[in-house]
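Down below is the structure, laid out as structure tokens.
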Amino acid sequence: MNVEISSRVLPGIGVCQEIELRDEHRIGIVTRRTGLRDLVVYDEDGDGSAISIALTDDEANAVAEILGAPQLTSRLSALQLQAEGLVVEQLPMPSDSPYARRPLGETQVRTLTGASIVAVLRRSAAIPSPTPDFVLMPGDLVVTVGTQDAVDQVAHILAGTSHPALHPDTDHRSSG
């Protein structure tokens, strides 16, 4: 059985990654901008969560270790604690991204934002230091390092949406 991970940005909160289990239940992990994570089990209707468990970093790392996920992001998180103003985030590569199935270099992320893509997590494998010709795939987690604003800009680039800092001459105020 091929299980797909769906990812979505939760504005102002972080990123939610979900899977549907074979019995049609859904579970998810919400990675908050603060770095905290919540394990979410959805109710049978799928409209809301039946249970949400906030995990400490240690608990999240233990769950990841149990499930066999790479520990690269843990090491990068330790780096984040050492460098003030630096954040490390795992950004989802949406299936409808204009850069899905395209080389990393086409995103021009580093040039446009100053942030660095230091790894890509694909299934249970970590690909460190991806080259510009590395092809991004839907479901990849793009490990990005930079200021919070730069990382936010990268999320918008990957999603194919606009970010005010990428278009400073455009009025982005909402009209309603």
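Counting from 5, one number per residue, gives the positions in the sequence shown under the working numbering. Just so you know, even glycine gets a beta-carbon here, dropped at the ideal spot from N, CA and C.
> Do VAL45 and ILE55 have their C-beta atoms closer together than 8 Å?
Replying inline: Within the sequence shown, the letter at position 41 stands for residue 45. Within the sequence shown, the letter at position 51 stands for residue 55. Going by C-beta atoms, VAL45 is nearer than 8 Å to ILE55.
> With 16 other CB atoms within 10 Å as the buried threshold, where does LEU108 fall?
Replying inline: In the sequence shown, counting from the first residue as 1, residue 108 sits at position 104. Looking at its Cβ environment, which holds 16 or more other Cβ atoms inside 10 Å, LEU108 is buried.
> Fully enclosed by the segment 108–133, which alpha helix (DSSP H) runs are 4 residues long or longer?
Replying inline: 113–117
>> Going by beta-carbon coordinates alone, are GLY150 and ALA119 separated by less than 8 Å?
In response: To locate residue 150, count along the sequence shown from 1; it is residue 146. To locate residue 119, count along the sequence shown from 1; it is residue 115. Yes, these two residues count as a Cβ contact at 8 Å.
>> Run through the DSSP bridge pairs and tell me what ALA58 is partnered with.
In response: As a first step, residue 58 must be located in the sequence shown, where it is residue number 54. DSSP lists ASP42 as partners of ALA58.
> Should ASP62 be labelled buried (16 or more other beta-carbon atoms within 10 Å of its own) or exposed?
Replying inline: Taking the sequence shown and counting its residues from 1, the one referred to as residue 62 is at position 58. Label assigned to ASP62: exposed.
> What did DSSP end up calling GLU93 once you bin it into helix, strand or coil?
Replying inline: Within the sequence shown, numbered from 1, the residue matching residue 93 stands at position 89. Of the three classes helix, strand and coil, the one that applies to GLU93 here is strand, per DSSP.
> Is THR148 buried or exposed, if buried means 16 or more other CB atoms sit within 10 Å of its CB?
Replying inline: The count along the sequence shown starts at 1 and reaches residue 148 at position 144. So THR148 ends up on the buried side.
> In the DSSP assignment, what residue or residues form a beta bridge with ARG36?
Replying inline: What you label residue 36 is simply residue 32 of the sequence shown in a count that begins at 1. Beta-bridge pairing links ARG36 to GLY18.
>> Spatial neighbours of LEU125 within its chain, please: C-beta separation below 6 Å, excluding the five flanking residues on both sides.
In response: By 1-based counting over the sequence shown, the position of residue 125 is 121. Taken in chain order, the residues that qualify are LEU145.
>> VAL92 and VAL158 - do their beta-carbons sit closer together than 8 Å?
In response: Counted from its first residue, the sequence shown places residue 158 at position 154. Counted from its first residue, the sequence shown places residue 92 at position 88. Contact flag unset, no.
> So is VAL7 buried or exposed if we call it buried at 16+ other beta carbons inside 10 Å?
Replying inline: Start at 1 with the first residue of the sequence shown, and residue 7 comes out as number 3. Label assigned to VAL7: exposed.
> Mind checking GLY18: buried by the 16 CB within 10 Å criterion, or exposed?
Replying inline: As a first step, residue 18 is located in the sequence shown; it is residue number 14 there, counting from the start. GLY18 comes out buried.
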